[in-house]
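The structure appears right after this line, and notes come after that.
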Amino acid sequence: MKKVLSVALALTMMLLVCVPAFAATITQDSDKSANVDVVTKTTDKDGNPAASFTVTIPGTVEIPWYGTTGGDYLNWSYTSQLEIGKQLQISLDKTGGALTNGTADSLAYTLSGDAVGTAFETGEEVTEGTVYKQIEVAVSGWDDAAVAAYSDTVTFTVAVVDL
Amino acid sequence: MKKILAIALSVVMLLAVSVPAFAADITTDGGTGTAIIKTSTQTSGGEEGAGFTVSIPAENTIYWKALSTDLKYTVTSQLGPNTGVQVTVDDTDKAYVMTDENDYTLAYSLANTTGITASPVVNGAEFTYTVNVAEEAWNAAVVSEYADELTFTAELVAI
Amino acid sequence: MKKILAVALALVMMLAVCVPAFAFGEDISTNGGQSQTQLQTLTTDEEGNPVAGFTVSIPAAVEIPWGGTSTGDFLNWSYTSKLETGKQLSISVDKTSGNLTNGTDNLPYTLTGDAVGTAFLTGEEVTEGTVSKQIAIAVTGWGDVPVDAYSDTVTFTVDVVDIV
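Protein sequences, first through last, are from chains A, B and C. Note that this note's numbering has the first sequence beginning at 37, numbered continuously upward. Note that this note's numbering has the second sequence beginning at 25, numbered continuously upward. Note that this note's numbering has the third sequence beginning at 6, numbered continuously upward.
If you want it as structure tokens, here you go:
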């Protein structure tokens, strides 16, 4: 008798556990309408965060000797879909420098444009498509330098900050 | 004192072939270019480098009763290739008569009147011309100092 | 135990030596993320023409007045260069002396100056403007030959060589 009761109790308890928790229940005896909230998550069905952004920069900017007549540019872009109250902040690690070729020779250059000197803030959580930006690269001293491939590295840093 | 007879050289100007001389630029590794070094026939002062001088002594003495007297003149020249100087001696008035201050006369003749340099470049080349006075002429002449003017003519000739 | 520690230490040291290779131009998509762009010059201009080059200018002819010039006669030449790193020009003349000739007679001459006898090395990749040079020409025997136009040819050769 004890064993049967135990099993019945266990079964009852299991069934109780398996009963889904409903936000509202409408039965023949209850009100015929009930309100339920539908809420989005900030993650997808796999649990990945939905907020994202992409800042795209070129691997290399090639500058012909003596420069380009219309100017030489480092073209970059960004898209963002961030949480409310957030924006991107993009900055460069320098405003200019020296292109070198491994010898004592160098070619001085300056950068100008958004994100140079002062960090660029996108001002919005969500961009309308891709936003394109340009940084002008001005190289000087062409006549004084031996002909070779001179190079330098520019580092972009991106942070998500409050609007 | 030598009376130097400087004959002006009439120069036949060679038509200067006026080819503009452009500089040559070498712009390739291992490239070559040539420059021609050449002389001008004019000096740095713009004068013709070629020229000559016929030098005739101021005094040409014929001694009394000398039947034949050799007189000399010299030529110095630096001319163009295959060019020499021809000097011709002749009596100016072609009378071949020497006269004194009283117009007494003494006839003579000339020999070896033409000399031609053997090379374009000669330095003091000596030439001789001869004044002949016949014995009869001497014997008939009043003792005096007779003179006559000779003309030396120089011209460039091909040699 | 010692062996295991030793291998582990070796591995740690190797990893420390291994400099992470930056991949330029990677998209940045993480908060605080970084990426690099490389600025690089080409050795051609915007039309694609190679920039490295040089010019050695020599006169087509040097005319010497008869008897020479009192202050000297000269063959004036010049050069400019914009070469690749570690390169220079080597300029040489094919003779130190010779004879000016008119086909029959000769006027001997000697040359003195840079590039005569020994090749002239410019010593630099890039010249500051045009560098002017002179070769002195000394002609003798003016009084010994007929007055005429005498001539000879001098050949310049230019090579690009390493700066040593």
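For glycine and all other residues, C-beta sits at the position ideal for the given N, C-alpha and C. Please read all numbers here as calculations on a predicted model, not as lab measurements.
Could you spell out the range, first to last residue, of the beta strand (DSSP E) harbouring residue i?
{"i": "residue 160 (chain B)", "result": "Taken as a continuous stretch (DSSP letters only), residue 160 (chain B) belongs to no beta strand (DSSP E), being part of the alpha helix (DSSP H) at 159–164."}
{"i": "residue 179 (chain B)", "result": "174–182"}
{"i": "residue 172 (chain A)", "result": "167–175"}
{"i": "residue 94 (chain A)", "result": "Unbroken run through residue 94 (chain A): none, as it is neither H nor E."}
{"i": "residue 124 (chain C)", "result": "No beta strand (DSSP E) holds residue 124 (chain C); DSSP gives it neither H nor E."}
{"i": "residue 121 (chain B)", "result": "121–123"}
{"i": "residue 93 (chain C)", "result": "92–98"}
{"i": "residue 66 (chain C)", "result": "66–69"}
{"i": "residue 77 (chain A)", "result": "Taken as a continuous stretch (DSSP letters only), residue 77 (chain A) belongs to no beta strand (DSSP E), as it is neither H nor E."}
{"i": "residue 59 (chain B)", "result": "56–63"}
{"i": "residue 130 (chain B)", "result": "129–131"}
{"i": "residue 168 (chain C)", "result": "Careful: residue 168 (chain C) lies outside any beta strand (DSSP E) and carries neither H nor E."}
{"i": "residue 87 (chain C)", "result": "78–87"}
{"i": "residue 188 (chain A)", "result": "187–198"}
{"i": "residue 144 (chain A)", "result": "142–148"}
{"i": "residue 63 (chain C)", "result": "58–63"}
{"i": "residue 143 (chain C)", "result": "136–144"}
{"i": "residue 64 (chain A)", "result": "It is not in any beta strand (DSSP E) - residue 64 (chain A) carries neither H nor E in the DSSP assignment."}
{"i": "residue 102 (chain B)", "result": "92–102"}
{"i": "residue 108 (chain A)", "result": "108–117"}
{"i": "residue 113 (chain C)", "result": "111–117"}
Output yes or no for whether 8 angstroms exceeds the beta carbon distance between residue i and residue j.
{"i": "residue 157 (chain B)", "j": "residue 130 (chain B)", "result": "yes"}
{"i": "residue 108 (chain A)", "j": "residue 99 (chain A)", "result": "yes"}
{"i": "residue 107 (chain B)", "j": "residue 180 (chain B)", "result": "yes"}
{"i": "residue 98 (chain C)", "j": "residue 116 (chain C)", "result": "yes"}
{"i": "residue 46 (chain C)", "j": "residue 55 (chain C)", "result": "no"}
{"i": "residue 44 (chain C)", "j": "residue 64 (chain C)", "result": "no"}
{"i": "residue 65 (chain B)", "j": "residue 69 (chain C)", "result": "no"}
{"i": "residue 187 (chain A)", "j": "residue 135 (chain A)", "result": "yes"}
{"i": "residue 75 (chain A)", "j": "residue 60 (chain A)", "result": "no"}
{"i": "residue 76 (chain B)", "j": "residue 92 (chain B)", "result": "no"}
{"i": "residue 145 (chain A)", "j": "residue 153 (chain A)", "result": "no"}
{"i": "residue 161 (chain A)", "j": "residue 122 (chain A)", "result": "yes"}
{"i": "residue 114 (chain C)", "j": "residue 103 (chain C)", "result": "yes"}
{"i": "residue 93 (chain A)", "j": "residue 60 (chain C)", "result": "no"}
{"i": "residue 55 (chain B)", "j": "residue 163 (chain C)", "result": "yes"}
{"i": "residue 75 (chain C)", "j": "residue 68 (chain B)", "result": "yes"}
{"i": "residue 103 (chain B)", "j": "residue 74 (chain B)", "result": "yes"}
{"i": "residue 124 (chain A)", "j": "residue 158 (chain A)", "result": "yes"}
{"i": "residue 48 (chain B)", "j": "residue 66 (chain C)", "result": "no"}
What does the Cβ neighbour count give for residue i, buried or exposed, with the cut at 16 atoms within 10 Å?
{"i": "residue 130 (chain C)", "result": "buried"}
{"i": "residue 87 (chain B)", "result": "exposed"}
{"i": "residue 28 (chain B)", "result": "No answer about residue 28 (chain B) holds up, because its pLDDT of 37 lies below 50 and its placement is not dependable."}
{"i": "residue 108 (chain C)", "result": "exposed"}
{"i": "residue 164 (chain B)", "result": "exposed"}
{"i": "residue 72 (chain C)", "result": "buried"}
{"i": "residue 89 (chain B)", "result": "exposed"}
{"i": "residue 141 (chain A)", "result": "buried"}
{"i": "residue 26 (chain C)", "result": "Confidence at residue 26 (chain C) is low in this model, with a pLDDT of 46, below 50, so its placement is unreliable and no value can be given for it."}
{"i": "residue 94 (chain C)", "result": "buried"}
{"i": "residue 168 (chain A)", "result": "exposed"}
{"i": "residue 138 (chain A)", "result": "exposed"}
{"i": "residue 144 (chain B)", "result": "buried"}
{"i": "residue 151 (chain C)", "result": "buried"}
{"i": "residue 82 (chain A)", "result": "exposed"}
{"i": "residue 33 (chain C)", "result": "buried"}
{"i": "residue 78 (chain C)", "result": "buried"}
{"i": "residue 105 (chain C)", "result": "buried"}
{"i": "residue 77 (chain A)", "result": "exposed"}
{"i": "residue 178 (chain B)", "result": "buried"}
{"i": "residue 192 (chain A)", "result": "buried"}
{"i": "residue 194 (chain A)", "result": "buried"}
Rounded to whole angstroms, how far is the Cβ of residue i from the Cβ of residue j, which I believe are closer than 8 angstroms?
{"i": "residue 61 (chain B)", "j": "residue 156 (chain C)", "result": "6 angstroms"}
{"i": "residue 149 (chain B)", "j": "residue 98 (chain B)", "result": "6 angstroms"}
{"i": "residue 159 (chain C)", "j": "residue 87 (chain C)", "result": "At roughly 26 angstroms, the Cβ-Cβ gap does not stay under 8 angstroms, so residue 159 (chain C) and residue 87 (chain C) are not in contact."}
{"i": "residue 96 (chain A)", "j": "residue 29 (chain C)", "result": "6 angstroms"}
{"i": "residue 136 (chain B)", "j": "residue 154 (chain B)", "result": "5 angstroms"}
{"i": "residue 35 (chain C)", "j": "residue 85 (chain C)", "result": "In fact, because the Cβ distance is near 52 angstroms, the residues do not count as touching under 8 angstroms."}
{"i": "residue 101 (chain A)", "j": "residue 183 (chain A)", "result": "7 angstroms"}
{"i": "residue 105 (chain B)", "j": "residue 153 (chain C)", "result": "5 angstroms"}
- [ ] Closer than 9 angstroms, Cβ to Cβ, to anything on chain C: give me those residues from the region 101–123 of chain B, in chain order.
- [x] 102, 103, 104, 105, 106 and 107
Task: Interface positions of the region 142–157 of chain B facing chain C (Cβ-Cβ less than 9 angstroms), listed along the chain - done: 143, 144, 145 and 147
TODO: Return the residues of the region 128–139 of chain A that lie within a Cβ-Cβ distance of less than 8 angstroms from chain C, sorted by chain order.
DONE: 135, 137 and 139
TODO: Quick one: which residues of the region 87–103 of chain A get their C-beta closer than 8 angstroms to a C-beta of chain C? List them in chain order.
DONE: 88, 89, 90, 91, 92, 93, 94, 95, 96, 97, 98, 99, 100, 101, 102 and 103
- [ ] Scan the region 49–76 of chain B for residues whose Cβ lies nearer than 7 angstroms to a Cβ of chain C and list them as they occur along the chain.
- [x] 49, 50, 51, 53, 54, 55, 56, 57, 58, 59, 60, 61, 62, 63, 64, 65, 66, 67, 68, 73 and 74
Open item on the list: For the region 62–82 of chain C, list every residue whose C-beta sits within 7 angstroms of some C-beta in chain B, in sequence order.
Closed with: 62, 63, 64, 65, 66, 67, 68, 69, 70, 71, 72, 74, 75 and 80
Open item on the list: Short of 7 angstroms Cβ to Cβ, which residues in the region 25–50 of chain C face chain A?
Closed with: 29, 30, 32, 33, 34, 36, 37, 38, 39, 40, 41, 42, 43, 44, 45, 46, 47, 48, 49 and 50
Open item on the list: What are the residues in the region 101–124 of chain C lying within 8 angstroms of chain B by C-beta distance?
Closed with: 105, 107, 109, 110, 112 and 114
Open item on the list: Short of 8 angstroms Cβ to Cβ, which residues in the region 170–194 of chain A face chain C?
Closed with: 173, 175, 179, 180, 181, 182, 183, 184, 185, 186, 187, 188, 189, 190, 191, 192, 193 and 194
- [ ] Could you list the residues in the region 88–101 of chain C with a C-beta less than 9 angstroms from some C-beta on chain A, going in chain order?
- [x] 88, 89, 90, 91 and 92
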